[in-house]
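>
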Amino acid sequence: MPACAFRDGRSGIRQIGASGGSFCFDNETPRHDALLHEHQIGNRLITNGGYRDFIANGGYDKPELWLSDGWAVIHERGWRRPLYWDDACETEFTLGGQKEIIKNAPVCHVSFYEADAYARWAGARLPTEFEWEVAAADESVAGNLLNSGYWHPVASDTTQFFGDTWEWT
1 MPACAFRDGR
11 SGIRQIGASG
21 GSFCFDNETP
31 RHDALLHEHQ
41 IGNRLITNGG
51 YRDFIANGGY
61 DKPELWLSDG
71 WAVIHERGWR
81 RPLYWDDACE
91 TEFTLGGQKE
101 IIKNAPVCHV
111 SFYEADAYAR
121 WAGARLPTEF
131 EWEVAAADES
141 VAGNLLNSGY
151 WHPVASDTTQ
161 FFGDTWEWT
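Residues in the sequence shown are numbered from 1 upward in steps of one, following this note's numbering.
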């Protein structure tokens with residue numbers, strides 16, 4: 001699997017929100033302008049292997065990586081890994097039962113706080129919703145969607161903007 005690569009995102013005033021007559025949620029209208037500053041955006045989702053590296057590097061023990069309320073939550077609730085991973089970070093509970101964690105598959109069942117801490121650890125940040133929407137508009141709607149027959153995220157050797165997981169912004 002190729003390493004995650006960052007590309008320049010489009011900046012300036014961009015139109016965001018739903019357009020046309022297809023289904024949308026009420027919070028996606030009306031279409032409107034958003035100012036995007038210069039930024040970069042990753043071409044794929046973070047992998048289980050990358051998240052394991054974060055854990056092995058003490059990611060859950062470094063307060064400088066966490067938003068203050070996230071730091072409080074992980075200590076209050078005892079979080080040390082993604083939801084559904086075992087204590088050894090070797091297996092995860094899926095719709096198909098307990099399975100070995102696939103290193104190159106997208107990590108899932110992490111909170112916003114965990115995603116944000118990982119991004120800081122990796123020297124990045126989460127994209128804004130507007131940055132993600134504009135970047136995704138450049139991609140074809142292809143991925144491991146419901147009709148693919150997968151019931152858990154799978155590794156991909158191409159860009160991953162659709163399917164597999166929800167993405168934190």
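Where a beta carbon is used, it is the ideal one built from N, C-alpha and C, also for glycine. Bear in mind that the values here come from a model prediction, so they are computed numbers and not experimental data.
How is residue 125 classed by DSSP in three states: helix, strand or coil?
Looking at residue 125 - three-state DSSP - the assignment turns out to be coil, as it is neither helix nor strand.
> Could you work out which residue in 42, 16, 62 is closest to residue 33 when comparing CA atoms only?
Of 42, 16, 62, the residue nearest in Cα terms is 16.
> Measure the C-alpha to C-alpha separation of residue 65 and residue 114 and round it to an integer number of angstroms.
Rounded to the nearest angstrom, the two C-alpha atoms are 9 Å apart.
> Just tell me which of 28, 10, 11 has its CA closest to the CA of residue 18.
The residue with the shortest Cα to Cα distance from residue 18 is 28.
> Give every residue of the same chain whose Cβ lies closer than 6 Å to the Cβ of residue 125, excluding the five residues on either side of it in the sequence, and list them in chain order.
Answer for residue 125: 119, listed in chain order.
> By Cβ distance, which residues of its chain are closer than 6 Å to residue 110, with the 5 residues on each side in sequence left out?
82.
> Taking the alpha-carbon of residue 132 as reference, which of 101, 45, 150, 148 has the nearest alpha-carbon?
The option with the nearest alpha carbon to residue 132 is 45.
> Which residues share a DSSP beta bridge with residue 99?
The partner list for residue 99 (beta bridge, DSSP) reads 92.
> Which partner residues of residue 14 appear in the DSSP bridge assignment?
Paired residues: 34.
> The ligand SAH and residue 35: does any heavy atom of the ligand fall closer than 7 Å to the residue's C-beta?
What this structure holds is no ligand at all, so the ligand SAH is not there to describe.
> Buried or exposed: residue 164, going by 16 or more other Cβ atoms within 10 Å of its Cβ?
Counting Cβ neighbours within 10 Å, residue 164 comes out buried, since at least 16 surround it.
> Can you find the residues in the same chain that come closer than 6 Å, C-beta to C-beta, to residue 151, ignoring five residues on each side of it along the sequence?
Answer for residue 151: 95, listed in chain order.
> Check each candidate in 24, 20, 38 and name the one with the smallest Cα separation from residue 11.
The residue with the shortest Cα to Cα distance from residue 11 is 38.
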